[in-house]
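Worksheet for the structure shown next.
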Amino acid sequence: MLLQYEKYPFTPQLGWSLSRYEMFDKCKRMYYYSYYGKYVVGVPPYKMKMLRDLTSVPLEIGNVVHDVLEAFLRRLQKDDSNIDEARFGEYAMAKAREYFSRKTFIETYYRQSETICMETVEKRIKTCLDNFCASPVYTWLFMNAIRTKENWMIEPDGYGETRIRGVKAYCKMDFLFPVDDCVYILDWKTGKKDEYKHRAQLIGYATAASVNFNIPVSVIVPKIVYLYPAFEEMELRFDQSLFDEFSERVVRQYHEMLSYCASVPENIPRPAADFKPSPSPALCRTCNYQELCFPDIKKAGTDAGFDE
663 MLLQYEKYPF TPQLGWSLSR YEMFDKCKRM YYYSYYGKYV VGVPPYKMKM LRDLTSVPLE
723 IGNVVHDVLE AFLRRLQKDD SNIDEARFGE YAMAKAREYF SRKTFIETYY RQSETICMET
783 VEKRIKTCLD NFCASPVYTW LFMNAIRTKE NWMIEPDGYG ETRIRGVKAY CKMDFLFPVD
843 DCVYILDWKT GKKDEYKHRA QLIGYATAAS VNFNIPVSVI VPKIVYLYPA FEEMELRFDQ
903 SLFDEFSERV VRQYHEMLSY CASVPENIPR PAADFKPSPS PALCRTCNYQ ELCFPDIKKA
963 GTDAGFDE
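When you number the sequence shown by our numbering, it's gap-free, plus one each residue, and the end is 970.
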C-alpha cells in the first residue's frame with residue numbers, strides 16, 4: 663500500500679512548496695538570492711553558497727530532533743522493545759555536538775551573539791525528547807502503530823515531489839503510516855506554534871499523500887506534534903473541500919512565482935532589479951543575505967541598517 667513516492671521525470675521548471683512561496687511573499691530579494699543565486703552578479707559563487715548554507719540555532723535544534731526521531735522510528739521498526747532513555751539522550755547530545763560544530767550560524771556570523779551556548783541548546787533538545795517520550799504519541803506508537811510497521815514511511819528520500827492539479831509541488835512529510843482504517847501523517851515541531859502556517863502544511867501533506875498513493879481523502883489524518891515548550895497536538899480532519907481550496911491556492915501562488923521568470927520552462931529569473939526587497943528589522947535579522955543588502959552590517963554590528 664505505502665511504498666514510495668512516485669518518480670517524476672526531471673524538469674528545470676520551478677516547483678511550488680509552502681516554504682518557497684512563503685519566502686517569495688515576504689521578500690522578493692531574499693527569494694531571488696535563495697533560489698537564483700547563480701544569476702547574482704558581483705558576488706562570487708562560493709560566497710553565495712556560503713550565505714545560502716548559513717543556519718540558525720532554532721533551525722538546527724529542529725534538525726537534531728527530527729534526525730533523532732527518525733533514528734528512533736527506524737529502530738522501532740526493527741525492534742519494539744523499550745528504548746534505553748539514557749542512551750537515547752546520549753545519542754541526541756552527540757548529534758547536537760556534531761551538527762553545531764560543523765555549521766556556520768546566522769547569530770554568530772552577523773554578530774548577534776559572540777558564541778552559541780551549547781548548554782542552552784542541549785537543554786532545549788532534551789526538553790523536546792523528554793516531552794516526546796512522556797507523550798501519548800510515544801505510547802500509541804508502541805501499542806497501536808507498531809502493528810503495521812512494515813508499511814511505515816519514515817523521512818522518505820528526495821523532496822516529496824508531487825503534482826497538484828498539474829502543478830509540480832513539494833510536500834515532504836516526516837512520518838506516514840496506517841492504523842486501522844486511517845492513514846496518519848505526523849510532523850514534529852520544536853518551535854513556536856503557528857496555526858495558520860502549520861495548518862497549511864498539514865493540508866499539503868494530506869494532498870500529497872492522496873495524490874501520490876491514491877488514498878481517499880476521508881481516511882487521511884494529518885497532525886502536528888509540538889515538542890516545545892510542552893507537548894501538544896494539532897490534528898486536522900481532511901476532506902474534499904479542504905483539498906479543493908488548497909489546490910486552488912497552490913495553482914494561484916505557483917503562477918505568481920512563474921510571473922517572475924523570464925523563461926518558465928528553464929526557470930530563468932527576470933532581472934534582479936525586479937525582485938524588490940521588503941526590509942523590516944525582524945525579517946532582515948533572520949535573513950542569510952543581509953550583508954548583500956547592508957554591506958556594513960558585520961563591521962558595524964547587529965543594528966546597522968535595521969533602524970526602525
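Ideal Cβ placement from N, Cα and C applies to all residues, glycine included.
- With 16 or more other Cβ atoms inside 10 Å of its own Cβ, residue 678 counts as buried.
- In the DSSP assignment, the residues bridged to residue 884 are 847.
- For residue 763 and residue 752, the gap between their C-alpha atoms comes out near 16 angstroms.
- Within the segment 881-937, the complete beta strand (DSSP E) segments of 3 residues or longer fall at 882-888, 894-897, 923-925, listed in chain order.
- In this model, residue 955 and residue 940 are separated by some 11 angstroms (Cα to Cα).
- When C-alpha distances from residue 852 are compared across 792, 884, 840, the shortest belongs to 792.
- Going by DSSP, residue 839 is part of the beta strand (DSSP E) stretching over 837-841.
- Residue pairing by DSSP places residue 767 opposite 717 in a beta bridge.
- Ranked by how close their Cα comes to the Cα of residue 944, the residues 689, 671, 674, 676 have 689 in first place.
- Here the alpha carbon of residue 676 sits roughly 8 angstroms from the alpha carbon of residue 920.
- With a cutoff of 9 angstroms on beta-carbon distance, residue 771 and residue 716 are scored as near each other.
- Ranked by Cα distance from residue 786, the options 745, 952, 854, 742 are led by 854.
- Per DSSP, reduced to three states, the secondary structure at residue 723 is helical.
- Setting aside the 5 residues that flank it on each side, residue 850 is surrounded in the same chain by 727, 728, 731, 836, 887, 889, each with a C-beta closer than 7 angstroms to its C-beta; the list follows chain order.
- For residue 829, the uninterrupted beta strand (DSSP E) segment begins and ends at 829-832.
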